[in-house]
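Chains as they are written, first to last, in my numbering: chain X, 4 to 264; chain S, 1134 to 1440. Read the structure below first, then the notes.
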Amino acid sequence: MSWQGELHKVLSATYKNWIISKRNAFTLFELVFWPFIGLLSIGLLTRFLELGDDMVAFVLVGAIALSILQISQIDVAYILLFDLWSKSIKQTFVAPVRGYHLVLGAMLFGVIRGVAVFIVLAAASSHLFGFDFLAGGVATVIIFLAGTFLTAASIGMVVCISILLFGQRADVAAWTLSGIMMLVSGVYYPVSILPGPLQILSKSIPLTYLLEYYRSAYGYGDHQILLGIALALLYFVASLLILNLAIERARSTGMMLRLSE
Amino acid sequence: MPALRAEKICKSFKRLFQEKKVLFDISLSIERGEIFGILGPNGAGKTTLMSIFSTLIRPDGGSLEVLGRDALRDTHAIRERINISSGNPNFPWSLTVRENLQHSAMLYGLSGRSLQRSVEEAISAFELGPQSDAKFETLSTGQKQRVSLAKSILNRPEILFLDEPTSGLDPEMAMKTRDLIKKIYQEEEITVVLTTHYMPEAEELCDRIAFLREGRLVALGTPGELKRALQIGHRIFVEYDGEVDPMKLRIIPGVMEVKELSGRVEMVFDHSGRAVSSIIKAFEGADILDIGIEEPDLEDVFLELAR
């Protein structure tokens, strides 16, 4: 297979997500409405609580990160979710594609949507709440976004793995995993206020380090971004390998057929 | 080298704490350029076997070679060279026919002009032009079936697996589809493996047929071989006026079954002998009003094997 052929296998997932998204009014809500409403609510809360600029930055960084994470992870989860809902999974898996083709293609679309959400939210928070999202420089934003996209892709793959292992009902994971992330990675508060066991868990989640890194530009202490990026890469590779194993297992258990019925 | 060689393929599915064995030691070989039918009643394991042959699912045991490659190891390379169309197919609902075909072509690594050409040829071959910009969810059952068939030829497969290809089609479209299968088969010189419930379709299309019952291969051969092996006789009916002694009919060599009705006798007989002239002689003294002979068809073979 030529490199163009490999590229088109990757782009097949991008193409499908793009077509389905552009036809779906729900996408506009996913991309603009809910992230904006979330940001506005949190921003107004900071006004009500009369928080200082540094605290406003702390909370808004969390709100922006959560929206990017949610939108990018769902795009990777859509690899299976769209096929699951239309009962067409076997059309994809009878073709000569591997897990990484689908993940990279969907991730590409997730990155595009994630960047769009970041631009909308950064502009809105800057205009409405005076939040300087470039306080740490462009490189900080790029590293923060790259780590968030890798983490989101891993979450999306975990959703796919859950569906392949446990069947259609596992699609609920698509909306619950990012909620758990919100709880333990300190989206709206420092992880130091979490109970002991949850603090240990938070240290194993890349988003915790990514948030600390971005917030360090606003005077919130040290960061361990290298550890965060390393963890994000580790989870990404591990998720990809496990996804391939889950695909093969679904071929052995017959789940691949059941998901198409 | 055969297109496909299966040795002792078996498969079971587990659900909760129950295990159901659906295929038992299936061994068969499909030659290149052959149209091979897999027949059997509901639950016989046809779709499971087809899914294993097309590498969608893995068998629990046995060995499978497709196009000379080990189908349990070299699945990716095999998938490049085969394709499948399923009965009652589904594709992403909100994509149009053309978009679905473009997406499928991309999954097979097609790009640029070859992608566009393949998509246009598939749309044209299955007469999907008027529906090409319609969303999949708005299509009729028959149109969806044609999209699935169109998708199955996008990568010019060497083996085409067709699972119930005319399921849900009206008689005219089913006939057209059979003609298209024959046309593709002749023009592309490919191997076709198909499952069907419709016996005349199997008889019309298939060079050889495998019969499955409860997950076991119970017969394999050409339609003619199967009829002969099962000794399914021809049917003859005679409508007459007058007196005929049924005992005379029963003792004719080759007559296997005699059913008497008022003024009508129906018999099953072995066509290889000289039974017909003896049967007619037995009606001497009566006026024969009507007479007819029916050859056994695959439906009879199916009924016999499904018992």
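No residue lacks a Cβ here, since even glycine has one placed at the ideal position from N, Cα and C. Please read these numbers as outputs of a predicted model, since none were measured by experiment.
### Task
Determine, using beta carbons only, whether leucine 1240 (chain S) comes closer than 8 Å to chain X.
yes
### Task
State the start and end residues of the unbroken beta strand (DSSP E) segment that holds serine 5 (chain X).
Looking at the DSSP string, serine 5 (chain X) is not in any beta strand (DSSP E), and its letter there is neither H nor E.
### Task
Starting from the C-beta of valine 123 (chain X), find all residues in its chain whose C-beta is less than 8 Å away, skip the five residues before and the five after it, and write them out in chain order.
Leu34, Val35, Pro38, Phe39
### Query
Buried or exposed: where does asparagine 1288 (chain S) fall if 16 or more other Cβ atoms within 10 Å of its Cβ makes it buried?
Label assigned to asparagine 1288 (chain S): buried.
### Within chain X, partners of asparagine 1175 (chain S) - CB distance below 8 Å
Going along chain X, no residue has its Cβ under 8 Å from asparagine 1175 (chain S), so there is no contact; the nearest lies around 14 Å.
### Residues from the region 1226-1238 of chain S in contact with chain X, defined by Cβ distance under 9 Å
Trp1226, Ser1227, Leu1228, Thr1229, Glu1232, Asn1233, Gln1235, His1236, Ser1237, Ala1238
### Query
Using a Cβ-Cβ cut-off of 7 Å (strictly less than) and excluding sequence neighbours within five positions of lysine 235 (chain X), which residues of its own chain qualify?
The sequence as given places alanine at residue 235 (chain X); lysine does not occur at that position. Around alanine 235 (chain X): Gly150, Leu153, Thr154, Pro209.
### Task
Using only alpha-carbon positions, find the residue among X:Met184, X:Ser219, X:Tyr217 that is nearest to glutamine 202 (chain X).
Considering only alpha carbons, the answer is X:Met184.
### Message
Based on DSSP bridge pairs, tell me the residues matched to aspartate 1423 (chain S).
### Response
The bridge partners DSSP lists for aspartate 1423 (chain S) are S:Glu1372.
### Message
Measuring alpha carbon to alpha carbon, tell me which residue in S:Glu1164, S:Lys1392, S:Phe1157, S:Pro1135 is nearest cysteine 1143 (chain S).
### Response
Here the closest residue by C-alpha is S:Phe1157.
### Query
If you pair each beta-carbon of the region 1363-1380 of chain S with each one of the region 1199-1206 of chain S, do three or more pairs fall below 8 Å?
Contact between the region 1363-1380 of chain S and the region 1199-1206 of chain S is absent, because fewer than three Cβ pairs lie under 8 Å.
### Interface residues of the region 1181-1203 of chain S facing chain X [CB-CB below 7 Å]
Ser1184, Ser1187, Leu1189, Ile1190, Arg1191
### Query
Which of helix, strand or coil does DSSP assign to histidine 1243 (chain S)?
For the sequence presented, residue 1243 (chain S) should be read as leucine rather than histidine. Here leucine 1243 (chain S) sits in coil by DSSP.
### Message
Assess contact between the region 1224-1243 of chain S and the region 1269-1281 of chain S, defined as three or more Cβ pairs (one per stretch) separated by less than 8 Å. Is contact present?
### Response
Under the three-pair Cβ rule at 8 Å, the region 1224-1243 of chain S counts as touching the region 1269-1281 of chain S.
### Query
Using DSSP with H/G/I as helix, E/B as strand and the rest coil, what is glycine 150 (chain X)?
DSSP places glycine 150 (chain X) in helix when its eight states are reduced to three.
#### Entry: Three or more C-beta pairs below 8 Å linking the region 70-83 of chain X and the region 112-119 of chain X
yes
### Buried/exposed call for glutamate 1152 (chain S), threshold 16 Cβ in 10 Å
exposed
### Task
Could you tell me whether the Cβ atoms of leucine 1346 (chain S) and proline 1192 (chain S) are closer together than 8 Å?
The question names leucine, but residue 1346 (chain S) in the sequence shown is arginine. Not a contact, by the Cβ cut-off of 8 Å.
### Query
When you compare only the Cα positions, how much space is there between tyrosine 223 (chain X) and threonine 179 (chain X)?
29 Å
### Query
Helix, strand or coil: which one does DSSP assign to methionine 1389 (chain S)?
strand
### Message
Across the region 1368-1385 of chain S and the region 1332-1350 of chain S, are there enough close Cβ pairs to call them in contact, namely three or more that are closer than 8 Å?
### Response
no
### Task
For the region 1205-1217 of chain S, enumerate the residues whose C-beta is nearer than 7 Å to any C-beta of chain X, in chain order.
Contact residues of the region 1205-1217 of chain S toward chain X are His1209, Arg1212, Glu1213, Ile1217 (C-beta to C-beta distance below 7 Å).
### Query
Would you call tyrosine 192 (chain X) buried or exposed, if buried means 16 or more other Cβ atoms sit within 10 Å of its Cβ?
exposed
### Query
What is the DSSP secondary structure of phenylalanine 134 (chain X), reduced to helix, strand or coil?
coil
### Message
Which complete alpha helix (DSSP H) runs does the region 1170-1210 of chain S hold, if anything under 4 residues is left out?
### Response
1179-1186
### Query
Where in the region 1318-1353 of chain S do unbroken runs of the beta strand (DSSP E), each at least 3 residues long, occur, reported from the N-terminal end onward?
1324-1328, 1341-1346
### Query
Which chain X residues sit within Cβ distance under 8 Å of aspartate 1157 (chain S)?
In the sequence on display, residue 1157 (chain S) carries phenylalanine and not aspartate. The contacting residues do not exist; phenylalanine 1157 (chain S) stays about 16 Å from chain X at best.
### Message
As a quick exercise: from X:Thr211, X:Ala68, X:Asp135, X:Tyr103, pick the residue whose alpha carbon is nearest that of glutamate 9 (chain X).
### Response
Comparing Cα positions, the closest option is X:Tyr103.
### Query
Would lysine 1147 (chain S) count as contacting chain X if we go by Cβ distances under 8 Å?
yes
### Task
Select from X:Leu230, X:Ser207, X:Ile67 the residue whose C-alpha is nearest the C-alpha of alanine 126 (chain X).
X:Ile67
### Query
Quick one, are the C-beta atoms of lysine 25 (chain X) and methionine 1239 (chain S) less than 8 Å apart?
Contact flag unset, no.
### Task
Check whether the Cβ of phenylalanine 1224 (chain S) lies closer than 8 Å to any Cβ atom in chain X.
yes
### Task
Starting from valine 97 (chain X), find everything on chain S with Cβ-Cβ shorter than 8 Å and list it in chain order.
Ser1187, Thr1188, Leu1189, Arg1212, Asn1216, Ile1217
### Task
Report the residues of the region 1256-1289 of chain S with a CB closer than 9 Å to any CB of chain X, ordered along the chain.
Lys1268, Phe1269, Glu1270, Ser1281, Lys1284, Asn1288
### Query
If you measure beta-carbon to beta-carbon, which residues of the region 72-89 of chain X are closer than 9 Å to chain S?
Phe85, Asp86, Trp88, Ser89
### Message
Please report the straight-line C-alpha distance between phenylalanine 1186 (chain S) and glycine 189 (chain X), rounded to a whole angstrom.
### Response
For phenylalanine 1186 (chain S) and glycine 189 (chain X), the distance between alpha carbons rounds to 50 Å.
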